[in-house]
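Engineer:
Numbering (this note's numbering), first residue to last: 758 to 1838.
(1) Grouping DSSP H, G and I as helix and E and B as strand, with all else coil, what is residue 1707?
(2) Do you know how far the Cα of residue 1347 is from the Cα of residue 881?
(3) Exposed or buried, what is residue 925 when buried is set at 16 or more other beta-carbons lying within 10 Å of its beta-carbon?
(4) Residue 1216 lies in the beta strand (DSSP E); which residues open and close that run?
(5) Return the chain-ordered list of same chain residues with a C-beta closer than 8 Å to the C-beta of residue 1384, the five sequence neighbours on each side being excluded.
(6) Would residue 781 be called buried (16 or more neighbouring beta carbons within 10 Å of its own) or exposed?
(7) Taking 8 Å as the cut-off, is the C-beta of residue 1165 nearer than that to any heavy atom in the ligand PLP?
(8) Between residue 1817 and the rest of its own chain, which residues show a CB-CB distance below 7 Å, the 5 nearest in sequence each way excluded?
(9) Would you be able to state if there are at least three C-beta pairs under 8 Å between the segment 1390-1399 and the segment 1329-1337?
(10) Quick check on this structure: which residue in 1335, 1306, 1341 has the alpha carbon closest to the alpha carbon of residue 1320?
(11) With DSSP as the reference, label residue 1677 as helix, strand or coil.
(12) Since residue 1774 is in the alpha helix (DSSP H), which residue starts that stretch and which ends it?
(13) Once you ignore the five residues that flank residue 1693 on each side, which residues in its own chain have a CB closer than 7 Å to its CB?
(14) According to DSSP, simplified to helix, strand and coil, what is residue 1692?
(15) With DSSP as the reference, label residue 1485 as helix, strand or coil.
(16) Enumerate in chain order the residues of its own chain whose CB-to-CB distance from residue 1288 is below 6 Å, with the five nearest sequence positions on each side excluded.
(17) Could you check the C-alpha separation between residue 1801 and residue 1757 for me, to the nearest Å?
(18) On the three-state DSSP scale, how would you describe residue 763?
(19) State yes or no: is the C-beta of residue 1266 within less than 9 Å of the C-beta of residue 1206?
(20) Measure from the alpha carbon of residue 869 to the alpha carbon of each residue in 838, 887, 856, 920, then state which is nearest.
(21) Is the number of C-beta pairs between the segment 805-825 and the segment 896-914 that are closer than 8 Å three or more?
(22) Is it true that the segment 1443-1452 meets the segment 1504-1516, where meeting means three or more beta-carbon pairs spaced less than 8 Å apart?
(23) Between which two residues does the alpha helix (DSSP H) containing residue 1172 stretch?
(24) Quickly, what does DSSP pair residue 870 with across the bridge? List them, please.
(25) How is residue 1003 classed by DSSP in three states: helix, strand or coil?
(26) If you reduce the DSSP assignment to three classes, tell me which class residue 923 lands in.
(27) Would residue 1145 and residue 1309 be called neighbours here (beta carbons separated by less than 9 Å)?
(28) Please list the segments of the alpha helix (DSSP H) lying wholly inside the segment 1045-1094, counting only runs of 4 or more residues, in order along the chain.
(29) Select from 1432, 1573, 1010 the residue whose C-alpha is nearest the C-alpha of residue 1034.
(30) Given that a residue counts as buried once 16 or more other Cβ atoms are within 10 Å of its Cβ, and exposed if not, what is residue 988?
(31) Determine, using beta carbons only, whether residue 1807 comes closer than 9 Å to chain C.
(32) Does DSSP classify residue 1459 as helix, strand or coil?
(33) At a cut of 8 Å, does the segment 1256-1274 reach the segment 1040-1050 through at least three beta carbon pairs?
(34) Can you tell me whether residue 1098 is buried or exposed, with buried defined as 16 or more other CB within 10 angstroms of its CB?
(35) Can you tell which of 1676, 1074, 1811 has its C-alpha closest to the C-alpha of residue 1062?
(36) Which value, in whole angstroms, describes the spacing of the CA atoms of residue 1831 and residue 1825?
Structure below.
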């Protein structure tokens, strides 16, 4: 959440309160998967009504609008799960399940009356290990009376009546608590407790890590309580948990796969998330950056579950990013670039304002794929729940939404500020009555498989536009499917009855000893269709706790259940299982060995001592404010070839300006020896763009061509010489006296394309420095008696090709003459046919324009001709272009001030709109602020209205429709069929591709990697590509093996497969990182 202007708080709270607005809800059709039960049908009348006053309101307590939670469990032992709701200004309420989804309020008779405090997170947990569920209720909000914040523990007498004993058990935590999580962190057999707390004051005037904050107060930290014989001892400081953040949820899971439970803490505001890794000695260490590639900024509700049924748990963390263009431009603040990078410098991770879906790739690493999955933006979201709602064997996702008032409405903030500055400040009542408020519906996502989801809230009957917070699922009617309960604000809570026609069974686990409900147990259901895996950890989502049963889909007539119990032992149970509800205990199963972890079939070695790339600092955004990503950090480049004639390929690794490049001799045993050090120390003035080995002088050894690249220098072409180094036969180079020409280039290819007996060269023009989006020139250099000269006959042919990223001489049409493949950003894949030594005008092989980065050719379908594999940006980004809705680029001097302006645009609802918001657009063209004085007016304007059609029509225009990485199958006669690479390959950019038969089946497999981290800070960096082998299964089918996934989760720029050494291996270079060596088993 984000705070209104603190300077106005003192004035606003001196006036009178506003009135509440009521919302209406339409009943859902009975044909939907879910039916919203009316108050009369369910008997539940609890309503978390909120009334603000001048003494207590959002301006005094920023979490006023956070709402209440839900806990579900069988408190009276009758086999039906009951419901507890937490209230903020209203009493908590406990409803007993009477069967047939009818409930009765027993709050008063059960002894739960507490109408004096603000309650938040709720749990049903067996604290005293007597076999019945007790209630733990968190409290917050009281700024002056600590006693009203002490959490409550109601001990169950076994009959459904309760007595408060928080202090006696040592759990009367007095922080500002959001929720509590019970788990056995020290594996001694009993349940310990993590209490998630939050701060109350937002600091907007400084960027400092909480651990270095002079006002740090340990009393405001989250707390860890160890269970010692039924009494809880505060071990927060001793365990290393001490923090000072805005905790809104947490997830308990084994994030590093070492068999011990860890804690992921989701924090609001700039205090980043925390991953407490269990050190197995009673202590924890924050190790977030090692395991996760980036996180959300305003982290809210969360859940962890196995979404792809591979035995590894994904993590979803919600943020508050609006889904619609208008709401996003009206409500979301611009991310300040300087503050963003300052936060990373002081230890915070890269944080972005949207939901996160962290896909578990094994080895304790995660790839963030929310954009690919289609759920990055769900509006102001609170609870995330992962469960199989439609009983198809795949877990779906349910998200609650809403905020009582749009506290981030930027126009309203400006109005309040302007009135204050003009001497006519708004009073409290006026502010509250006029504060905009728009109800948004909760969202259900149906899991389609392959980690893609589709919205199903309308078809499933979960589309009420209300303000919802805590939610929980449970099999309330014991029919084998999951019902949902939601705690709304200012209207009665809702029970959604599941009407699934599919079959399922809900399984209760009966634990032993001090953990009667088997918290932490893991259940696997295996049938002929596949696996389903669940963990018994009731506390999920936001301020809530789900039912105690684990529900699986019965997709076939028989199946097997295996339970790994909290003590590590495993028992199995054979089917068939009938729909409904069953109870399993350890004694009723057959003991078997627990499963082993997936072992990766690769080893990665850091070779930093041999070479580490160091990018020179340069801020591209000072010159090009709205450039989509930095163009000054495209290196390093990598070239391979046998320099000394020993039959082993050696290396050239390029460098950034100010750093020396390197040449390395590789021995048969894989050792690297650096040579030519003195030469490269004299070349540090250049930013190396591409390196390429070729024998220009036909003396039998490989010489070296190196281009210059980058974006730092002015666009004067003389800043980018094409350098040439002659080989003496032993790998020692000497530089020629003058450059071969000038070009800003990152790609080189060579061939005797005219078959005259010498090697010719083509160089792709990468960019015009300082003018992103303008087409660069490319050059063909013809070899004439050992001298390379620009071919005048083709100079016009290859002028203004585009922003070329990769080029290949290869015989595509099988006529014996090497053709020329060319691709790049904002380009299609082009083919220049070689007609007996004459290259023809390049033509697209397929009508798909993208940000293509890498080309490889191989006969995929084994029909005798070469097919093309092309690496693109991937589908895990916010743009999602298509032929119907392309991503567009306009560049030029749009306001006639002599600068190079950049506008990215997309299509929605039949109009073209800007990607960037009002503030950053004003940074580029300040007069837009006067043309659009409000965020609303900017959000409602299309591109022509904002920039003017005459200006746009004179700008250089590009568009693209494809970001998927693809294969193009050569059908002959110049025809190609487009086939997408597997979904795992679409999660990030593919910047290089290598061929190798990893599994020795006679088919070339694909090794892919790549990462682009230097993007503008309102776009999530492209770090989802983690390095993988795509195994060739024949007939244009490639698949990913989890054992060969995740070996290069880095900003890799180039790869080289070394097959000439005794043990083949992969070399990789990355921006601002070390040389790495990967060996496969």
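Cβ atoms here follow ideal geometry from the backbone N, Cα and C, with glycine treated the same way. Computed from a prediction, not measured in an experiment: that's the story for all the values here.
Structural biologist: Taking the coordinates as given:
(1) In the chain shown, residue 1707 corresponds to position 950, counting from 1. Looking at residue 1707 - three-state DSSP - the assignment turns out to be helix.
(2) Numbered from 1 along the chain shown, position 124 holds the residue referred to as residue 881. Numbered from 1 along the chain shown, position 590 holds the residue referred to as residue 1347. About 30 Å.
(3) Translated into the one-based positions of the chain shown, residue 925 becomes position 168. Classification for residue 925: exposed.
(4) What you label residue 1216 is simply residue 459 of the chain shown in a count that begins at 1. Looking at the DSSP string, residue 1216 is not in any beta strand (DSSP E); the run it does join, the alpha helix (DSSP H), is 1214-1217.
(5) Sequence index remark: in the chain shown, residue 1384 carries index 627 (1-based). Correct list, in chain order: 1377, 1378, 1529, 1659, 1773.
(6) If you number the chain shown from 1, residue 781 lands on position 24. In this predicted model, residue 781 has a pLDDT of only 32, less than 50, meaning its place in the structure is not dependable enough to derive any value.
(7) Looking at this structure, you won't find the ligand PLP or any other ligand, since it has none at all.
(8) Taking the chain shown and counting its residues from 1, one reaches residue 1817 at position 1060. Excluding residues within five positions, the ones whose Cβ falls inside 7 Å are 1404, 1405, 1406.
(9) no
(10) Within the chain shown, residue 1320 is the residue found at index 563, counting from 1. With distances taken between Cα atoms, residue 1320 lies closest to 1341.
(11) Within the chain shown, the letter at position 920 stands for residue 1677. Residue state, collapsed to three classes: helix.
(12) On the chain shown, residue 1774 is found 1017 positions in, with the first residue counted as 1. That residue, residue 1774, is in no alpha helix (DSSP H); it is neither H nor E in DSSP.
(13) Taking the chain shown and counting its residues from 1, the one referred to as residue 1693 is at position 936. Contacts found: 1087, 1168.
(14) Taking the first residue of the chain shown as position 1, residue 1692 is located at position 935. In the structure shown, residue 1692 sits in a helix (DSSP, three-state: H, G or I).
(15) Taking the chain shown and counting its residues from 1, the one referred to as residue 1485 is at position 728. Note: residue 1485 maps to coil in three-state DSSP.
(16) Position 531 of the chain shown holds residue 1288. The residues are 1066.
(17) Counting from 1 along the chain shown, the entry for residue 1801 is found at position 1044. Counting from 1 along the chain shown, the entry for residue 1757 is found at position 1000. Answer to the nearest angstrom: the Cα atoms are 14 Å apart.
(18) On the chain shown, residue 763 is found 6 positions in, with the first residue counted as 1. Residue placement at residue 763 is flagged as unreliable, the pLDDT there being 36, under the threshold of 50; a coordinate-derived value is accordingly withheld.
(19) Residue mapping note: residue 1266 aligns to position 509 of the chain shown, counting from 1. Residue mapping note: residue 1206 aligns to position 449 of the chain shown, counting from 1. Not a contact, by the Cβ cut-off of 9 Å.
(20) Along the chain shown, one-based indexing puts residue 869 at 112. Ranking 838, 887, 856, 920 by Cα distance to residue 869 puts 920 first.
(21) yes
(22) yes
(23) If you number the chain shown from 1, residue 1172 lands on position 415. Note, residue 1172: alpha helix (DSSP H), 1167-1178.
(24) Locating residue 870 in the chain shown gives position 113, where the first residue counts as 1. Residue 870 is not bridged to any residue.
(25) Your numbering for residue 1003 matches position 246 in the chain shown. Three-state DSSP puts residue 1003 in a strand.
(26) Counting from one through the chain shown, the residue named residue 923 turns up at place 166. Three-state DSSP puts residue 923 in a helix.
(27) For this step, residue 1145 is matched to residue 388 along the chain shown. For this step, residue 1309 is matched to residue 552 along the chain shown. For residue 1145 and residue 1309, yes; Cβs fall inside 9 Å.
(28) 1045-1048, 1082-1088
(29) Start at 1 with the first residue of the chain shown, and residue 1034 comes out as number 277. It is 1010.
(30) The residue given as residue 988 occupies position 231 in the chain shown. That one is exposed.
(31) Of the protein chains in the structure, only one exists, and it is not chain C.
(32) The residue given as residue 1459 occupies position 702 in the chain shown. Reduced to three states, the DSSP call for residue 1459 is coil.
(33) no
(34) To locate residue 1098, count along the chain shown from 1; it is residue 341. Looking at its Cβ environment, which holds fewer than 16 other Cβ atoms inside 10 Å, residue 1098 is exposed.
(35) Here the question's residue 1062 lines up with position 305 in the chain shown. Comparing Cα-Cα distances from residue 1062 to each of 1676, 1074, 1811, the minimum goes to 1074.
(36) Looking up residue 1831 in the chain shown gives position 1074. Looking up residue 1825 in the chain shown gives position 1068. Using only the alpha carbons, I get a separation of about 9 Å.
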